[in-house]
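>
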Amino acid sequence: MSRRACVIGHPVAHSRSPLIHGYWLREHKIDGEYMREDVRPENIDRFLNRLAERYVGANVTIPHKEAAFAKLQHPDAIAQALGAANTLWFENGALSGTSTDVHGFLAHLDASLPGWDRRTGTALVLGAGGASRSIVYALLERGVGRVVIANRTNARAQALADRFGRRIAVVDWASISKVLATAELLVNTTSLGMKGQPPLALDLAPLKNSAAVYDIVYVPLETPLLAAARARGNPVVDGLGMLLHQAVPGFERWFGVRPIVTPALRMRLLADLGETERP
Ligand code: ATR
30 MSRRACVIGH PVAHSRSPLI HGYWLREHKI DGEYMREDVR PENIDRFLNR
80 LAERYVGANV TIPHKEAAFA KLQHPDAIAQ ALGAANTLWF ENGALSGTST
130 DVHGFLAHLD ASLPGWDRRT GTALVLGAGG ASRSIVYALL ERGVGRVVIA
180 NRTNARAQAL ADRFGRRIAV VDWASISKVL ATAELLVNTT SLGMKGQPPL
230 ALDLAPLKNS AAVYDIVYVP LETPLLAAAR ARGNPVVDGL GMLLHQAVPG
280 FERWFGVRPI VTPALRMRLL ADLGETERP
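Each residue of the sequence shown is one higher than the last, beginning at 30 in the working numbering.
Structure representation (structure tokens):
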């Protein structure tokens, strides 16, 4: 029987995971399928109870990442640290899970700017939602000495600092420009700059020219933040690679082959998003 995996969300129509996994299934000529499952919050518990009847595993997206974590019999260390899971599989019948956003964020940064971690003493992270939680954890795990978080709602940034410890500092959203000069890496994890949202209005003047600017938004591929950073010569990292790299560990678990994020796959995604590559 062909192996099947799925992405579980609500809504789920927008998910690009079927495109990514479908591409790799064809590339490796694997007898497998990857489906979309729109599951309402009141049904997620029941759906996960019966997951093994139809699937070898799943991705989980908004709003189910915390509910999925709560169902895990074997959460790995990352899932435990984050209290969320986006990738599920079975080990000896037990529901196991992790969050691959941590891997996706770091793998794309490593591929884009090799050695970035040796140059980064301080990272400034904008936003304090689910994506920020994964990214703050990733930066601390990689050994970044100091992570500064700024969020519109200060209390959420403070909650992240309380969760992850003393190497985190919190600054007011209104004070970002005062700490910009201290950062070797600036990461936008907010939805600002996304198509249909206001831009992230930030005067980059205090930022060192060597500081890297990473925006996890990928529609548009080049956000106003990245365009401004590129124009003043800062190294920039777009959000599409994180989406592609976070899919790698799940595919390997379910289908037994570790896939590679290639320029051809990136082009395929860009075409689907109606975007084109920037210089
Ligand atoms: P995700 O899981 O993608 O991180 P989220 O948990 O909804 O999504 O978080 C969205 C982030 O974007 C939050 O940091 C949010 O700030 P608040 O915590 O204050 O809501 C931020 N954000 C969204 N719209 C914003 C805006 N107009 N100005 C500033 N920050 C904004």
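For every residue, glycine included, the Cβ atom is placed at its ideal position computed from N, Cα and C. Quantities reported herein were computed from a predicted structural model and do not represent experimental measurements.
Identify which residue in N183, L135, T116, D74 has its Cα closest to the Cα of A34.
Start at 1 with the first residue of the sequence shown, and residue 34 comes out as number 5. With distances taken between Cα atoms, A34 lies closest to T116.
> For the beta strand (DSSP E) holding M64, just list the boundary residues, first then last.
Here the question's residue 64 lines up with position 35 in the sequence shown. 61-67 is the extent of the beta strand (DSSP E) around M64.
> Could you check where the alpha helix (DSSP H) with E281 kicks off and where it finishes?
Along the sequence shown, read from residue 1 onward, the residue named residue 281 stands at position 252. That run of the alpha helix (DSSP H) goes 277-284.
> Answer with buried or exposed for G122, where buried requires no fewer than 16 other C-beta atoms within 10 angstroms of its C-beta.
The count along the sequence shown starts at 1 and reaches residue 122 at position 93. Looking at its Cβ environment, which holds fewer than 16 other Cβ atoms inside 10 Å, G122 is exposed.
> So, L135 versus A167, is the Cβ gap smaller than 8 Å?
Counting from one through the sequence shown, the residue named residue 135 turns up at place 106. Counting from one through the sequence shown, the residue named residue 167 turns up at place 138. Contact: yes.
> Are T218 and V131 touching if we call contact CB-CB under 8 Å?
Along the sequence shown, read from residue 1 onward, the residue named residue 218 stands at position 189. Along the sequence shown, read from residue 1 onward, the residue named residue 131 stands at position 102. Taking 8 Å as the Cβ cut-off, T218 and V131 do not qualify as a contacting pair.
> Please classify P249 as buried or exposed, where buried requires at least 16 neighbouring CB atoms within 10 angstroms.
Start at 1 with the first residue of the sequence shown, and residue 249 comes out as number 220. Result: buried.
> Do S161 and L189 have their CB atoms nearer than 8 Å?
As a position in the sequence shown, residue 161 is number 132, starting the count at 1. As a position in the sequence shown, residue 189 is number 160, starting the count at 1. Yes.
> Quick one: using the 10 Å Cβ neighbour count with 16 as the cut-off for buried, is Q275 buried or exposed?
In the sequence shown, counting from the first residue as 1, residue 275 sits at position 246. Buried: at least 16 other Cβ atoms inside 10 Å.
> Which same chain residues end up closer than 8 Å to N183 when comparing Cβ atoms and leaving out the 5 residues on each side of it in sequence?
Walking along the sequence shown from the start, residue 183 turns up at place 154. Only V199, D201, W202 meet the Cβ criterion.
> Looking at C-alpha atoms only, which residue of P253, L273, G303 is the closest neighbour of T129?
Indexing the sequence shown from 1 puts residue 129 at position 100. Comparing Cα-Cα distances from T129 to each of P253, L273, G303, the minimum goes to L273.
> In whole angstroms, what is the alpha-carbon distance linking Q102 and L124?
As a working note, residue 102 is residue 73 in the sequence shown. As a working note, residue 124 is residue 95 in the sequence shown. Looking at the two C-alpha atoms, the distance is approximately 5 Å.
> If we ignore side chains and look at the alpha-carbon of each, how far apart do N88 and R195 end up?
Counting from 1 along the sequence shown, the entry for residue 88 is found at position 59. Counting from 1 along the sequence shown, the entry for residue 195 is found at position 166. So the alpha carbons of these two residues sit roughly 32 Å apart.
> Are the Cβ atoms of S31 and D67 separated by less than 8 Å?
Numbered from its first residue, the sequence shown carries residue 31 at position 2. Numbered from its first residue, the sequence shown carries residue 67 at position 38. Taking 8 Å as the Cβ cut-off, S31 and D67 do not qualify as a contacting pair.
> List the DSSP bridge partners of P104.
Along the sequence shown, read from residue 1 onward, the residue named residue 104 stands at position 75. BP columns for P104 point to G126.
> For ligand 1, list every residue whose C-beta falls under 7 Å from any of its heavy atoms, going in chain order.
Going along the chain, the residues that qualify are I91, G156, A157, G158, G159, A160, S161, N180, R181, T182, R185, W202, T218, T219, S220, L221, Q226, P227.
> Suppose the cutoff is 7 Å on Cβ atoms and the five residues either side in sequence are ignored; what does the same chain contact list for A258 look like?
Against the sequence shown, residue 258 aligns to sequence position 229. Cβ within range, chain order: L233, V242, V265.
> Going by DSSP, name the residue or residues bridged to W118.
As a first step, residue 118 is located in the sequence shown; it is residue number 89 there, counting from the start. BP columns for W118 point to G86, S125.
> Taking all protein chains shown into account, decide if S224 is buried (16 or more other Cβ within 10 angstroms of its Cβ) or exposed.
Position 195 of the sequence shown, counting from 1, holds the residue named residue 224. The residue asked about is misnamed: residue 224 is Lys in this sequence, not Ser. Label assigned to K224: exposed.
> Using 8 Å as the threshold, is the stretch 279-297 in touch with the stretch 42-59, meaning 3 or more CB pairs across them?
Yes, since at least three Cβ pairs between the stretch 279-297 and the stretch 42-59 fall closer than 8 Å, the two stretches touch.
> Where does N263 fall in DSSP's three states?
As a first step, residue 263 is located in the sequence shown; it is residue number 234 there, counting from the start. Correct three-state label for N263: coil.
> Excluding the 5 residues flanking L111 on each side, which residues of the same chain have their C-beta closer than 7 Å to its C-beta?
One-based indexing of the sequence shown puts residue 111 at position 82. So the qualifying residues of the chain are S128, R162, S163, Y166.
> For G38, which residues does DSSP report across the bridge?
Counted from its first residue, the sequence shown places residue 38 at position 9. D67.
> Per DSSP, what kind of secondary structure is A230 in: helix, strand or coil?
As a working mapping, residue 230 is identified with position 201 in the sequence shown. In this structure, A230 counts as coil in the three-state DSSP scheme.
> Are the beta-carbon atoms belonging to L229 and L209 less than 8 Å from one another?
Taking the first residue of the sequence shown as position 1, residue 229 is located at position 200. Taking the first residue of the sequence shown as position 1, residue 209 is located at position 180. Not closer than 8 Å, so no.
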